[in-house]
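Heads up, our numbering is the position in the sequence shown plus 814, with the first residue counted as 1. Working notes, structure below.
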Amino acid sequence: MHGLKVWLRHYFGFTTRESNGFIVLASILLFVLIFPSLYDLYQPEKEPIVASIEILKADSILPKLSVSSKIYKTPQLFEFDPNLASEQDFLKLGLPSFLAKRIINYRNKAGRFRKKEEFARIYGLQEETYNKLEPFIHLPEQTLEKPKWEKKEWERPVSKTLISIEINQADTGSLKSVNGIGNVLANRILKYRNSLGGFTTQDQLYEVYGLDSLVAEKVFKSFKITSTGVKKLKINHLSLDSLAKHPYIKRKSAKILVNYRLHHKIESVDDVRNSRAIEPDLLNKLIPYLEF
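This is the structure in structure tokens:
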């Protein structure tokens, strides 16, 4: 060690204190370089064992995951009664979870499906999906004769003058004249009509929450539904918030439209379609409201 200090002083011109500091620093650096190799040499091999255990665990879990991931991935088409089918049945048929729940909720609140067409009007059920399911829908006829002594229920007659009223000009009073529509439902119809900008088709009435299909058919007999007087959406000028208020335009879609407008003027339905902001089924419903 003394010889090393003498060499350092002679070769580098270090003082005694500098030579001592250099030796200490060199020793620390040497230790840092050698320590990892010594640690690996004397460290027990635990990691491979742990890794093996993890692999075994993964092997035991993966089959379960692969099995569960296949559940309902491929639709299983079978005959079903939409009035009796469970949520799991609808999932097996290939319907998404939110739509299966919506059908159950509709059944609980609005009653039974009497015709296949009523099932087709479930909001969110695409026409392509319905066409695949339609041959498997089974609605047994239930034409039970009523006893002769049963009291006959008479519906409130609908005024013939109502048929000349357009639903886009109707108020709560005229709507409540339809048997089955009270104050709450009348206000709900008007609120949805105003958010749309007016009804353009009969199918839109089925989108009103809580409106039974049979009551909707009575409305069709009492009111005309046309596209006249519909409030237009000035798609090139409305703000993001104004666009997002429409039932057929989600907030995310409104953002895409506003950004698209910065670079392209929207002059036709094809331009809206090219923006890919709105889903095709919603865009088809939105077309009567668009103004370029």
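Even for Gly, the Cβ is constructed at its ideal location relative to N, Cα and C.
- Residue pairing by DSSP places I917 opposite no residue, since no beta bridge is assigned to it.
- Going by C-alpha positions, D1055 is about 37 Å away from N993.
- The alpha carbon of T1040 has as its nearest neighbour, out of Q983, I918, L913 and Y1006, the alpha carbon of Q983.
- Per DSSP, the unbroken alpha helix (DSSP H) holding L1028 starts and ends at S1027 to S1036.
- Approximately 6 Å separates the beta-carbon atoms of L907 and L947; this is inside 8 Å, confirming the contact.
- With a 10 Å radius around the Cβ and a threshold of 16 neighbouring Cβ atoms, Y1103 comes out buried.
- Taking every protein chain shown into account, the CB of T1014 has 16 or more other CB atoms within 10 angstroms, so this residue is buried.
- Taking C-alpha positions only, N1088 is separated from I1070 by approximately 11 Å.
- When rounded, the separation of the alpha-carbon atoms in F836 and I842 is 10 Å.
- Take S1027, set aside five residues on each side of it, and the residues of its chain with a beta-carbon closer than 6 Å to its own are E932, in chain order.
- Minimum Cα-Cα distance from V1022 among the listed residues S988, K1038 and N1001 corresponds to N1001.
- Counting other Cβ atoms within 10 Å of its Cβ, Q902 stays below 16 and is therefore classed as exposed.
- Judged by their CB atoms, E980 and K1048 are not nearer to each other than the 8 Å cut-off.
- In this model, Q1018 and L898 are separated by some 26 Å (Cα to Cα).
- Separation of T1042 and E893 (C-alpha to C-alpha, rounded to the nearest whole angstrom) is 42 Å.
- Nearest Cα to N1008 within the set F950, D985 and G996: D985.
- Collapsing the DSSP output to three states places L939 in coil.
- By the neighbour-count criterion, in which a residue is buried when 16 or more other Cβ atoms sit within 10 angstroms of its Cβ, V1033 is buried.
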